[in-house]
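Residue numbers (UniProt numbering): 1 to 262.
C-beta atoms are modelled at their ideal positions from N, C-alpha and C, and glycine is treated no differently.
Just below is one structure, and these are the notes that go with it.
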Amino acid sequence: MQLEMGAASHVGAVRALNEDACLAAAHLAVVADGMGGHARGDVASRLTVDAFRPLAGRRDLSADDVRRAVVAANAALLADAREHPDHDGMGTTLTGIALIDHFGSPHWLVFNVGDSRVYRLSDGGIRLLTHDHSEVQELVDAGRLTDEQARVHPLRNIVTRSLGSDPAPEVDVWIFPPAAGDTFLLCSDGLTNELDDATILRIGRDSASPESGAARLVAAAVEAGGRDNVTAVLVRLPGADLADDTALATTGPRARFLEDER
Numbered sequence: 001m002q003l004e005m006g007a008a009s010h011v012g013a014v015r016a017l018n019e020d021a022c023l024a025a026a027h028l029a030v031v032a033d034g035m036g037g038h039a040r041g042d043v044a045s046r047l048t049v050d051a052f053r054p055l056a057g058r059r060d061l062s063a064d065d066v067r068r069a070v071v072a073a074n075a076a077l078l079a080d081a082r083e084h085p086d087h088d089g090m091g092t093t094l095t096g097i098a099l100i101d102h103f104g105s106p107h108w109l110v111f112n113v114g115d116s117r118v119y120r121l122s123d124g125g126i127r128l129l130t131h132d133h134s135e136v137q138e139l140v141d142a143g144r145l146t147d148e149q150a151r152v153h154p155l156r157n158i159v160t161r162s163l164g165s166d167p168a169p170e171v172d173v174w175i176f177p178p179a180a181g182d183t184f185l186l187c188s189d190g191l192t193n194e195l196d197d198a199t200i201l202r203i204g205r206d207s208a209s210p211e212s213g214a215a216r217l218v219a220a221a222v223e224a225g226g227r228d229n230v231t232a233v234l235v236r237l238p239g240a241d242l243a244d245d246t247a248l249a250t251t252g253p254r255a256r257f258l259e260d261e262r
């Protein structure tokens, strides 16, 4: 299966440094949103993406390949912090999608740590596939905040899981079969804090290609305020139209994705 991909990233209108990083190649796409400020969130996101580069050209990926890359990324952050004490406290979110071999047939694998997201765009609308690991999401899950209140809550940038921690964080994983026309958006919260779902769906659905769609989404988020770094990756399995919004058969999330490496 040949995937179409497009990626774009921008420092935004306020920040001086882009702490986001992304990778989109062959059957794999990832987004990392670094945290730490002077502790070098940009280093954290770059090291994380670098851990996935050996997989970038491969078309025979497995869930275990992705798991090992996540383990390597977390180890790289811890090693860097030990070597550079001024980097202590750095961390990064990570979200991604890979087309893997799952018991002999192709499947999507979506994975997530933190509050960067993966959406599925379809003729039926936009669906969030990942679950944020954040203070405000816990309040939403407990029924103490609505989704609308969470978008503007002062704790919306506080994540409860990230790479760069010891022990390694739990990683949520979803596995489901592909369909022609499948279209996915991976993004940092700098995009979702600026654009509502309807705008994201319209731009992603109406763009001529994943490349133009990713660029238009990032530009729209910067124009809407750009209060954070903004990164978007669009991934599409070619088909006549967007896939329909039938229920996804999943085997996740699997919270014990890293269990064997602890």
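Notebook entry, point to check: Start and end of the beta strand (DSSP E) containing residue 278?
Noted result: Examination of residue 278 is not possible in this model, given that the chain is present from 1 through 262 alone.
- Does the region 219 to 227 come close enough to the region 5 to 13 that 3 or more CB-CB pairs lie under 8 angstroms? These segments touch.
Alpha carbon of HIS27 to alpha carbon of LEU99, nearest angstrom:
Numbered from 1 along the sequence shown, position 27 holds the residue referred to as residue 27. Numbered from 1 along the sequence shown, position 99 holds the residue referred to as residue 99. Cα-Cα distance, rounded: 5 angstroms.
Q) For the alpha helix (DSSP H) that contains ALA8, what are its first and last residues? A) Indexing the sequence shown from 1 puts residue 8 at position 8. Per DSSP, ALA8 belongs to no alpha helix (DSSP H); it is in the beta strand (DSSP E), 4 to 10.
Item checked: Segment contact, 8 angstroms Cβ cut-off, at least three pairs: the region 196 to 212 with the region 67 to 76 -> No, the region 196 to 212 is not in contact with the region 67 to 76.
Measuring from the CB of THR146, is there a heavy atom of the ligand COA at a distance below 7 angstroms? Ligands in the displayed structure: none, and consequently the ligand COA is not present.
For the region 17 to 55, which segments carrying the alpha helix (DSSP H) assignment without a break, of at least 4 residues, lie completely within its bounds, in sequence order? Taken in chain order, the complete alpha helix (DSSP H) segments of 4 or more residues contained in the region 17 to 55 are 41 to 52.
Alpha-carbon spacing of PHE257 relative to VAL71, whole angstroms:
For the purposes of this step, residue 257 is identified with residue 257 of the sequence shown, where counting begins at 1. For the purposes of this step, residue 71 is identified with residue 71 of the sequence shown, where counting begins at 1. Interpretation of PHE257 is limited by its pLDDT of 48, a score under 50 that renders its predicted location unreliable; no figure is taken from the coordinates.
(message) What would DSSP say about HIS153, mapped onto helix, strand or coil?
(response) For the purposes of this step, residue 153 is identified with residue 153 of the sequence shown, where counting begins at 1. DSSP places HIS153 in coil when its eight states are reduced to three.
Query - Where SER212 sits in the DSSP three-state scheme - result: Taking the sequence shown and counting its residues from 1, one reaches residue 212 at position 212. Three-state result, SER212: helix.
Note to self: Which same chain residues end up closer than 7 angstroms to SER207 when comparing Cβ atoms and leaving out the 5 residues on each side of it in sequence?
What the structure shows: The residue labelled residue 207 in the question sits at position 207 within the sequence shown. These residues qualify, in order along the chain: GLY213, ARG216.
Exercise for review: Kindly list the residues whose CB is nearer than 6 angstroms to the CB of ALA7, restricted to its own chain and excluding five residues on each side of it in sequence; keep chain order.
Suggested key: By 1-based counting over the sequence shown, the position of residue 7 is 7. Excluding the 5 residues flanking it on each side, ALA7 has same chain C-beta neighbours closer than 6 angstroms at CYS22, ALA24, ALA214, VAL233, in chain order.
Practice item. Kindly indicate which residue of ASP197, HIS84, LEU128 has the alpha-carbon position closest to the one of ARG120. Key: For this step, residue 120 is matched to residue 120 along the sequence shown. Closest in C-alpha terms to ARG120, from the list ASP197, HIS84, LEU128, comes LEU128.
Worksheet item: How close, in whole Å, do the beta carbons of ALA29 and GLY96 come, if the pair is a contact with beta carbons under 8 angstroms?
Response: As a working mapping, residue 29 is identified with position 29 in the sequence shown. As a working mapping, residue 96 is identified with position 96 in the sequence shown. About 6 angstroms; that satisfies the 8 angstroms criterion.
query = Does the region 74 to 89 come within contact of the region 32 to 43, defined as at least 3 CB pairs closer than 8 angstroms?
reply = Yes, the region 74 to 89 touches the region 32 to 43.
Measuring only the C-alpha atoms, how far is ASP20 from GLY143? As a first step, residue 20 must be located in the sequence shown, where it is residue number 20. As a first step, residue 143 must be located in the sequence shown, where it is residue number 143. If I take the Cα positions, the gap works out to 31 angstroms.
How many angstroms separate the CA atom of THR93 from the CA atom of GLY104? Start at 1 with the first residue of the sequence shown, and residue 93 comes out as number 93. Start at 1 with the first residue of the sequence shown, and residue 104 comes out as number 104. Straight-line spacing of the CA atoms in THR93 and GLY104 works out to 30 angstroms.
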